[in-house]
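Sequential numbering from 1 applies to the sequence shown in this note's numbering.
Every residue gets a Cβ at the ideal spot worked out from N, C-alpha and C, and that includes glycine.
Worksheet: one structure, shown below.
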Amino acid sequence: MKLTAIIKKGEKQYIALCPEVDVVSQGKTIEEALRNLKEAVSLHIEVMGLPEGVSNQEPFVTSIEVADDATTPAIVG
């Protein structure tokens, strides 16, 4: 089964996230972060099962660019 892995460089380690099952792991290298994420996701699915709605469809992930001076709008409520 193919799931999404998102990796970001943290201050000291790489952070890996699988959004379909909301699991996060880390590692000193990208490879270690991915290996740790695979293990964590496998254990999560083994214990909790696969969340409803998760399918084998190929995910589409892209990035967007915003101006560096972009600010977060105020939340009015």
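Please list the terminal residues of the continuous beta strand (DSSP E) segment that includes residue 6. 6-9
Rounded to a whole number of angstroms, what is the C-alpha to C-alpha distance between residue 2 and residue 20? 10 Å
Does the beta-carbon of residue 43 have 16 or more other beta-carbons within 10 angstroms, so that it is buried, or is it exposed? exposed
C-alpha distance - residue 23 paired with residue 17, whole-angstrom precision: 6 Å
Apply the 10 Å Cβ neighbour rule to residue 25 and answer buried if 16 or more other Cβ atoms are within range, or exposed otherwise. buried
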